[in-house]
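In the working numbering, the protein residues as written are 1275 to 1683. Think of the CB as a built atom: it goes at the ideal place given N, C-alpha and C, for glycine as much as any other residue. Single-structure report; data block below.
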Ligand code: PLP
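As structure tokens, then:
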């Protein structure tokens, strides 16, 4: 008979044998998997036989998420990461070395831009930013020097620029570059870039795929060989998704279609209601006839998406007053949730950008990024109208402060 502690350690790890298939993917909350002998362990670790050894390398819940995303994106394979940035980092690191060149969209998520210029720049990677809606400029940038990667977002954060994946993939491939797309804003319910020629699709599953602001996860999908190279980076850097986080993203996937459909309708309604309203300079949503890439959006997007940008008259003061006045939206820096979220990018998601980079990325000081949630649209419209009234008052007060008072003498 073993001692108490030996029995306790063993007893705590006896899992039940389950003959019936669980209808949700179980959370394999374990760091390690035991093999029946040392040969099996070596075979699994070296990838000679399928199986699991250590959750930094692979885990069944995480693998299920990777497979689900590959299926949704129409890709051969997928991989899941601790966050969207971990997925973007591992994807780029699998493709570039010192001296290589990346051509990236000038409009896009601030941290991706910082990753490219900061971390990759420090390692000797050259990055050129370009307006991806100007296809002649993209062709010129790609032809300027051998380029490993062309990088764009389906719908850009935060300026809602829609990239024409068919054209961009063609231009990248003509020059031997890999076309990598961040599909976070559209989600696979709205666009599947691989169907348009993209080589790799990365996504912050923290956003629409997870959908409830309760997990941070990233995913990438593409051809088997490319994903294997990315997975090796993840194993070396420890960027793999945790099983509970992967489970939450899987649970989100089940309702992705209905959420994005309803949220797209709400964003569209808010766009129509506030375009041209007093105090609003511009509204950007792919469903509006005024959207600069309307033809591309109609062709590529099955759903126009729940992300909307409002440019307020009155700059920072107006933006801040709006955010402080509205009562329904959560004041956070994220997006893609059941909750409506309003963000002022110059002071949050794009704070790394200086004034020149902000202007280059088309981000005006009064720009608000709205992520429409699942609340009732009438409530949101009334709340936004109150926010706009507060923004107009703040803009008026700021103008008065700046205008010198006329004196009689
Ligand atoms: N890509 C886009 C377009 C994003 O908006 C974000 C986050 O906001 C990311 C990537 C990074 O995702 P995560 O926060 O999951 O690392």
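- A residue is called buried when at least 16 other Cβ atoms come within 10 angstroms of its Cβ; residue 1290 does not meet this threshold and is exposed.
- Here the alpha carbons of residue 1283 and residue 1452 stand approximately 49 Å from one another.
- A check of alpha carbon separations from residue 1327 across 1540, 1311 and 1339 identifies 1311 as the nearest.
- Residue pairing for residue 1492: DSSP places it in a beta bridge opposite 1355 and 1478.
- Of the heavy atoms belonging to ligand 1, none sits nearer than 7 Å to the Cβ of residue 1604.
- Apart from the 5 residues on each side of it in sequence, residue 1567 sits with its Cβ closer than 7 Å to the Cβ of 1407, 1435 and 1436 in its chain, given in chain order.
- Short note on residue 1611: C-beta not closer than 7 Å to any heavy atom of ligand 1.
- The stretch 1553-1571 and the stretch 1612-1620 do not touch, with fewer than three beta-carbon pairs separated by less than 8 Å.
- Only exposed fits residue 1294, as fewer than 16 other CB atoms lie within 10 angstroms of its CB.
- Rounded to whole angstroms, residue 1354 and residue 1554 show a C-alpha spacing of 40 Å.
- Residue state for residue 1322 is assigned as coil, using DSSP reduced to three classes.
- Rounded to whole angstroms, the Cβ separation of residue 1402 and residue 1370 is 13 Å, and the two are not in contact under 8 Å.
- Per DSSP, the beta bridge partners of residue 1328 are 1306.
- Each of 1430, 1644, 1360 and 1362 was checked against the Cα of residue 1379, and the nearest Cα belongs to 1430.
- The three-state secondary structure of residue 1514, taken from DSSP, is strand.
- Distances taken from the Cβ of residue 1461 to the heavy atoms of ligand 1 include none shorter than 7 Å.
- Inter-segment contact for the stretch 1629-1641 and the stretch 1598-1616 is absent: fewer than three beta-carbon pairs are separated by less than 8 Å.
- Of all alpha-carbon atoms in 1601, 1628 and 1502, the one lying nearest the alpha-carbon of residue 1388 is that of 1628.
- Between residue 1581 and the set 1626, 1590, 1643 and 1587, the nearest pair of CA atoms involves 1643.
- For residue 1502, the number of other beta carbons within 10 angstroms of its own is below 16, and it is reported as exposed.
- Under the DSSP definition of a beta bridge, residue 1604 partners with 1615.
- Counting every other CB atom within 10 Å of its CB across the protein chains shown gives residue 1397 a total below 16, marking it as exposed.
- Sequence-distant Cβ neighbours of residue 1626 in its own chain, meaning closer than 8 Å and more than five residues away, are 1384, 1385, 1387 and 1388.
- In its chain, beyond the 5 residues on either side, 1379, 1406, 1437, 1442 and 1455 have a beta carbon closer than 7 Å to the beta carbon of residue 1426.
- By the beta-carbon neighbour count (other beta carbons within 10 angstroms, threshold 16), residue 1279 is exposed.
- Within the model, the alpha-carbon separation for residue 1521 versus residue 1487 is close to 13 Å.
- Bridge pairing for residue 1586: 1554 [DSSP].
- Take the alpha-carbon of residue 1674 and the one of residue 1668: they are about 10 Å apart.
- DSSP lists 1455 as the bridge partner or partners of residue 1426.
- CA-to-CA, the gap between residue 1662 and residue 1481 works out to about 26 Å.
- Residue 1345 counts as exposed, since fewer than 16 other C-beta atoms from the protein chains shown sit within 10 angstroms of its C-beta.
- For residue 1408, the distance from the CB to the nearest heavy atom of ligand 1 is not below 7 Å.
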